[in-house]
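Structure, as structure tokens:
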Ligand code: AMP
Ligand code: ZN
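Numbering (this note's numbering), first residue to last: 208 to 350.
Here you go:
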């Protein structure tokens with residue numbers, strides 16, 4: 208538990224929240240400023256600032272829970288789709304620095320503005336990008 212981390216306090220029950228689900232590792236809550244009806248957040252009870260700090264166990268379990276929540280929410284809310292988002296770093300839109308996954312139900316004409324638009328043909332080489340990442344993976348495996 209990290210001092211001054213609001214999601215540590217919420218996840219561990221020190222601050223109340225609209226809890227949808229809780230187990231030993233996670234609490235799932237409704238977002239206080241929802242982008243859509245049913246916008247939920249999966250919070251690990253352990254503090255990790257972001258995906259880079261996440262441990263293997265939590266990383267494995269969190270997506271299993273996301274899948275379960277998504278299926279239940281689809282039925283319960285009658286949404287037509289679901290965006291699953293996870294922001295890392297200020298530039299990526301992270302505002303609370305305790306790892307969390309957003310579950311954002313989507314409805315017809317909900318006017319939510321985020322979609323990833325391709326920028327057309329890149330002005331850099333995809334081969335170079337592929338190489339640098341593949342080399343990075345090899346370096347990690349070699350450790
Ligand atoms: P992010 O921008 O990915 O860090 O997401 C942080 C999210 O946490 C935002 O969608 C906020 O609306 C939400 N949030 C912040 N404080 C609270 C809180 N006390 N209870 C529920 N959701 C919160
Ligand atoms: Zn925390």
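Note that CB positions come from ideal geometry on N, CA and C, so glycine has one too.
Just list the residues that DSSP pairs residue i with in beta bridges.
{"i": "residue 229", "result": "234"}
{"i": "residue 348", "result": "Answer is none; residue 348 lacks a bridge partner."}
{"i": "residue 313", "result": "288"}
Please state the DSSP three-state secondary structure of residue i.
{"i": "residue 289", "result": "strand"}
{"i": "residue 222", "result": "coil"}
{"i": "residue 308", "result": "strand"}
{"i": "residue 249", "result": "strand"}
{"i": "residue 354", "result": "Residue 354 lies beyond the range of the chain shown here (208 to 350); nothing can be said about it."}
{"i": "residue 278", "result": "helix"}
{"i": "residue 319", "result": "coil"}
If residue i sits next to residue j, beta carbons under 8 Å apart, how far is it from one beta carbon to the other, in whole angstroms?
{"i": "residue 219", "j": "residue 208", "result": "6 Å"}
For this session: Please write down, chain order preserved, every residue whose beta carbon lies under 6 Å from a heavy atom of the ligand ZN.
Result: 209, 212, 214, 215, 254 and 305
Exercise. Counting Cβ pairs closer than 8 Å, one from the segment 280-292 and one from the segment 236-246, do we hit at least three?
Worked result: yes
For this session: Say whether the segment 250-269 touches the segment 317-330, bearing in mind that this needs 3 or more beta-carbon pairs closer than 8 Å, one atom from each stretch.
Result: When C-beta atoms of the segment 250-269 are compared with those of the segment 317-330, fewer than three pairs fall below 8 Å, so the two segments do not count as touching.
Exercise. Below 8 Å, can you find three or more Cβ-Cβ pairs linking the segment 210-224 to the segment 303-316?
Worked result: Result yes; three or more Cβ-Cβ pairs closer than 8 Å.
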